[in-house]
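Chains as they are written, first to last, in numbering that gives the first Met the number 0: chain X, 0 to 338; chain G, 0 to 338.
Even glycine gets a Cβ: it sits at the ideal position worked out from N, Cα and C.
This structure is a prediction, so every number in the text was calculated from the model and none was measured.
Protein chains: 2
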Amino acid sequence: MPHDNRRPLTLRDVSEASGVSEMTVSRVLRNRGDVSDATRERVLAAARELGYVPNKIAGALASNQVNLVAVIIPSLSNMVFPEVMTGINEVLEDTELQPVVGVTDYLPEKEERVLYEMLSWRPSGVIIAGLEHSDAAKAMLESSGIPVVEIMDTDGKPIDAMVGISHRRAGAEMARAILKQGYQRIGFMGTKMPLDHRARKRFEGFTEVLAKNGIEIEDRDFYSGGSALAKGREMTQRMLERSPELDFLYYSNDMIGAGGLLYLLDNGIDVPGQVGLAAFNGVELLQGLSTQLATMDACRREIGQMAARIIAGRQAREETEDHVTLMPKITYGDTLRRR
Amino acid sequence: MPHDNRRPLTLRDVSEASGVSEMTVSRVLRNRGDVSDATRERVLAAARELGYVPNKIAGALASNQVNLVAVIIPSLSNMVFPEVMTGINEVLEDTELQPVVGVTDYLPEKEERVLYEMLSWRPSGVIIAGLEHSDAAKAMLESSGIPVVEIMDTDGKPIDAMVGISHRRAGAEMARAILKQGYQRIGFMGTKMPLDHRARKRFEGFTEVLAKNGIEIEDRDFYSGGSALAKGREMTQRMLERSPELDFLYYSNDMIGAGGLLYLLDNGIDVPGQVGLAAFNGVELLQGLSTQLATMDACRREIGQMAARIIAGRQAREETEDHVTLMPKITYGDTLRRR
DNA sequence: CTGCGCTACGTTACCGCGAACATCGGGGTC
DNA sequence: GACCCCGATGTTCGCGGTAACGTAGCGCAG
Chain X
0 MPHDNRRPLT LRDVSEASGV SEMTVSRVLR NRGDVSDATR ERVLAAAREL GYVPNKIAGA
60 LASNQVNLVA VIIPSLSNMV FPEVMTGINE VLEDTELQPV VGVTDYLPEK EERVLYEMLS
120 WRPSGVIIAG LEHSDAAKAM LESSGIPVVE IMDTDGKPID AMVGISHRRA GAEMARAILK
180 QGYQRIGFMG TKMPLDHRAR KRFEGFTEVL AKNGIEIEDR DFYSGGSALA KGREMTQRML
240 ERSPELDFLY YSNDMIGAGG LLYLLDNGID VPGQVGLAAF NGVELLQGLS TQLATMDACR
300 REIGQMAARI IAGRQAREET EDHVTLMPKI TYGDTLRRR
Chain G
0 MPHDNRRPLT LRDVSEASGV SEMTVSRVLR NRGDVSDATR ERVLAAAREL GYVPNKIAGA
60 LASNQVNLVA VIIPSLSNMV FPEVMTGINE VLEDTELQPV VGVTDYLPEK EERVLYEMLS
120 WRPSGVIIAG LEHSDAAKAM LESSGIPVVE IMDTDGKPID AMVGISHRRA GAEMARAILK
180 QGYQRIGFMG TKMPLDHRAR KRFEGFTEVL AKNGIEIEDR DFYSGGSALA KGREMTQRML
240 ERSPELDFLY YSNDMIGAGG LLYLLDNGID VPGQVGLAAF NGVELLQGLS TQLATMDACR
300 REIGQMAARI IAGRQAREET EDHVTLMPKI TYGDTLRRR
């Protein structure tokens with residue numbers, strides 16, 4: 000019977016109930032060391048009977064081992080990080096490790112707080128989005144002695160390991176593809192970027208290539224907050240009213256891009272004849288639209304998987320490649336006219 | 000200088016560096032008890048200098064207090080739970096408590112595993128989606144002695160506290176609204192439901208009201224996996240080809256509903272004249288569509304907030320209302336014709 | 001000067017578990 | 001039969017903190 004005294008259950012209770020030492024109970028519950036089948040059964044029965052749940056806090060302290068992996072990401076609300084999480088989960092599923100998520104809202108000071116909090120639980124590894132962190136955060140990570148994988152972005156120097164894509168290159172490639180199709184008068188829409196370094200780098204890569212070809216972005220607009228789809232609509236409408244000469248719109252993410260696309264379709268504007276569109280991310284969600292937006296896959300799930308694999312590998316003292324740059328491919332869809 | 004010996008830092012290192020006892024360091028770092036400003040400064044300086052991060056494992060063991068709240072949800076990938084998380088975060092932000100997320104993929108056995116894992120860290124509270132759990136899971140929760148808030152659904156008896164809406168009622172209300180508008184030949188599309196109890200309850204509430212009015216669902220279809228938007232498209236197309244007499248389609252969630260809506264619009268079908276549509280959830284994302292889908296808000300953020308408030312309240316030994324049923328409202332949008 | 005109370009700090013005893021080592025008993029080897 | 005070995009189990013100790021309590025030093029009233 001799940002006893003109900005105020006005193007919490009411990010190994011000792013199970014050991015007394017089953018007539019063996021605490022150590023043996025510990026061994027049974029962790030499947031470690033030699034225990035005869037007979038006693039194993041007795042112990043398991045007693046534990047089940049009592050409703051005993053081991054205390055990992057004590058266990059972690061004694062063994063100096065914590066099966067937690069801290070995952071620190073900016074947001075859960077924009078589809079991209081949940082997909083990274085999925086990748087991480089898939090890999091950690093097969094190990095003893097468990098992910099623990101912390102959210103920073105793109106705020107460096109919050110990242111610092113969350114990181115401090117996480118590190119104080121002495122996790123077996125840290126997976127953290129981005130290469131840009133406050134000095135204090137970097138110092139913590141460096142001196143923690145814990146494996147650290149920085150994900151999403153590889154335009155920079157990691158503290159330890161990194162897995163991601165080059166956003167600069169992603170922006171550049173998209174620019175090349177657009178130019179190759181003959182578009183020349185280009186507008187840009189995206190989030191307010193001071194804190195979204197990856198969006199910024201894409202933008203930089205994008206404009207650099209344009210510049211090399213003697214082209215400048217003719218109009219731009221930035222948003223923050225709200226439903227991205229709706230913002231994409233509004234911004235696109237405003238931009239085209241303001242700059243009707245544009246023949247291409249580049250969006251910093253798929254959701255606002257989709258908003259723009261829907262606006263254009265609703266208003267009978269010829270896509271990609273009159274105006275071409277491209278965005279970034281490759282969110283699966285949009286596959287339900289009748290017109291497929293040109294975009295570029297961010298390899299989110301693979302990134303999660305590889306990062307988790309690196310942590311798991313370190314755990315097992317295996318050598319793993321620890322600077323991985325994935326190569327995203329452009330999906331032309333229906334909004335980036337081919338020659 | 001952040002020392003780099005292999006030996007990890009402890010309170011002792013900080014105490015030696017600052018010339019006070021470990022206890023005083025502990026007090027400083029936790030802002031507890033009397034410490035003079037002078038020594039506080041010295042200690043903080045030393046801690047910063049060394050890059051010391053407290054070990055919560057040891058702290059938790061000694062104090063029998065863990066500032067973690069376990070949040071157990073079925074999925075991160077469908078917008079609804081991230082929004083619940085947002086609500087939880089907003090409230091816990093102002094407390095010492097920290098959410099830790101576990102994902103069950105709608106699998107009871109995985110829920111059990113995740114719960115066991117979580118409870119073994121002795122969190123200060125558990126927020127868990129749904130009222131349906133395995134017997135073992137219920138037993139664990141009951142005997143844990145930890146505050147438990149079951150969220151999303153209130154059609155049933157909670158273990159401890161609960162916050163949510165009545166999905167049965169939500170389905171029923173939508174059925175009434177649809178009938179009131181004169182629709183009569185109704186099709187239903189949703190996920191395969193054996194494990195999504197809330198979708199099931201909505202469906203039950205829905206069909207019950209129809210039955211009372213002598214109406215039966217004329218066609219139905221279920222999907223699993225894949226992009227919901229795309230599935231909504233495909234299923235809608237198939238269903239209308241199969242059952243062209245239908246004048247209303249009820250979807251178990253907004254994403255497939257939106258897929259259906261887009262299909263109808265693309266094919267020039269008059270919405271809501273020829274076919275009306277309604278779904279469930281009120282996902283903000285869809286506000287960018289040119290035609291607004293009729294839906295019903297699931298009060299996700301409030302649910303998160305209230306659940307977190309209950310846990311925080313228990314922590315502070317306050318009395319809080321602990322059986323809360325929120326009342327979702329129908330948004331008619333443009334797809335549910337008014338009289 | 002004594003004694004009281006207060007503040008600022010130190011001491012001690014755990015918290016629940018696991019690593020490392022000790023022990024015990026029985027079967028095989030020669 | 002002496003010896004060894006090995007699988008199964010127990011003992012000891014300490015992980016890094018914190019609660020609870022103890023105490024030194026000071027100011028101040030009488």
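Could you work out which residues of chain X lie near residue i, taking near to mean beta carbons separated by less than 7 Å?
| i | result |
| --- | --- |
| G:Glu116 | Gln97 |
| G:Gly332 | Simply none; closest approach about 14 Å. |
| G:Arg232 | Gly287 |
Name the chain G residues that come within less than 7 Å of residue i, Cβ to Cβ?
| i | result |
| --- | --- |
| X:Val102 | Asn88 |
| X:Glu283 | Ser226 |
Based on the DSSP output, what are the partners of residue i in its beta bridges?
| i | result |
| --- | --- |
| G:Val70 | G:Val100, G:Ile126 |
| G:Gly275 | G:Phe247 |
| G:Phe221 | G:Gly189 |
| G:Thr148 | Note on residue identity: the sequence assigns Val, not Thr, to residue 148 of chain G. Note: G:Val148 sits in a beta bridge opposite G:Ile126, G:Ala160. |
| G:Asp296 | G:Asn280 |
CA-CA distance, residue i and residue j?
| i | j | result |
| --- | --- | --- |
| G:Glu95 | X:Ala136 | 21 Å |
| X:Glu215 | X:Tyr250 | 15 Å |
| X:Thr334 | X:Val274 | 8 Å |
| X:Pro1 | X:Gly18 | For X:Pro1, the predicted model reports a pLDDT of 49, less than 50, meaning its position is unreliable; a value from the coordinates is still stated below. So the alpha carbons of these two residues sit roughly 18 Å apart. |
| X:Gly260 | X:Arg232 | The sequence shown places Leu at residue 260 of chain X, rather than the Gly named in the question. X:Leu260 and X:Arg232: Cα-Cα distance of roughly 8 Å. |
| G:Arg62 | G:Lys55 | The sequence shown places Ser at residue 62 of chain G, rather than the Arg named in the question. Going from the Cα of G:Ser62 to the Cα of G:Lys55 covers about 10 Å. |
| G:Met188 | G:Ala171 | 16 Å |
| G:Arg167 | G:Ala198 | 9 Å |
| X:Leu114 | X:Ser74 | 15 Å |
| G:Ile309 | X:Val99 | 22 Å |
| G:Ser133 | G:Glu15 | 51 Å |
| X:Val270 | X:Ala227 | 20 Å |
| G:Arg237 | G:Gly186 | 12 Å |
| G:Thr153 | G:Met139 | 21 Å |
| G:Val24 | X:Ala210 | 57 Å |
| G:Leu60 | G:Gly312 | 23 Å |
| G:Glu89 | G:Ile150 | 16 Å |
| X:Glu318 | X:Ala160 | 12 Å |
Ordered along the chain, which non-local residues of its own chain (more than five positions away) have a Cβ less than 6 Å from that of residue i?
| i | result |
| --- | --- |
| X:Ala169 | Arg201, Met295, Pro327 |
| G:Lys109 | Thr103 |
| X:Arg338 | Any answer about X:Arg338 is weak, because its pLDDT of 47 lies below 50 and its placement is not dependable; what the coordinates show is given next. Nothing meets the Cβ criterion. |
| X:Glu353 | A query on residue 353 of chain X cannot be resolved here, the shown segment of chain X reaching from 0 to 338 and no further. |
| G:Gly331 | The sequence as given places Tyr at residue 331 of chain G; Gly does not occur at that position. Result list for G:Tyr331: Ala293, in chain order. |
With DSSP run on the structure shown, which of helix, strand or coil describes residue i?
| i | result |
| --- | --- |
| G:Ile329 | strand |
| G:Met192 | coil |
| X:Leu10 | helix |
| G:Gly163 | strand |
| X:Ser17 | helix |
| X:Val27 | helix |
| G:Val34 | coil |
| G:Val83 | helix |
| X:Val323 | strand |
| G:Met78 | coil |
| X:Gln64 | coil |
| X:Ser142 | helix |
| G:Ile216 | coil |
Spatial neighbours of residue i within its chain, please: C-beta separation below 7 Å, excluding the five flanking residues on both sides.
| i | result |
| --- | --- |
| G:Leu43 | Val27 |
| X:Gly144 | none |
| X:Cys298 | Ile164, Leu325, Pro327 |
Which chain X residues sit within Cβ distance under 8 Å of residue i?
| i | result |
| --- | --- |
| G:Asp265 | Ser289 |
| G:Val52 | Tyr115, Leu118, Ser119, Met139, Ser143 |
| G:Thr319 | Per Cβ cutoff of 8 Å: no residues; G:Thr319 is ~22 Å from chain X at best. |
| G:Thr294 | Those do not exist, as G:Thr294 stays about 14 Å from chain X at its closest Cβ, beyond 8 Å. |
Starting from the beta carbon of residue i, find every residue of chain G whose beta carbon is closer than 8 Å, and list them in chain order.
| i | result |
| --- | --- |
| X:Pro146 | In chain order: nothing, as chain G lies at least about 15 Å away. |
| X:Leu75 | Leu75, Pro81, Met84, Thr85 |
By Cβ distance below 8 Å, which residues in the same chain neighbour residue i in space, the five residues on each side in sequence not counted?
| i | result |
| --- | --- |
| G:Leu245 | Arg184, Ile185, Gly186, Glu217, Asp218, Met238, Leu239, Val274 |
| X:Leu106 | Leu194 |
| X:Lys156 | Leu130 |
Which chain G residues are close to residue i, counting only those with a beta carbon under 9 Å from its beta carbon?
| i | result |
| --- | --- |
| X:Val65 | Ile56 |
| X:Leu60 | Asn54, Ile56, Ala57, Ala59, Leu60 |
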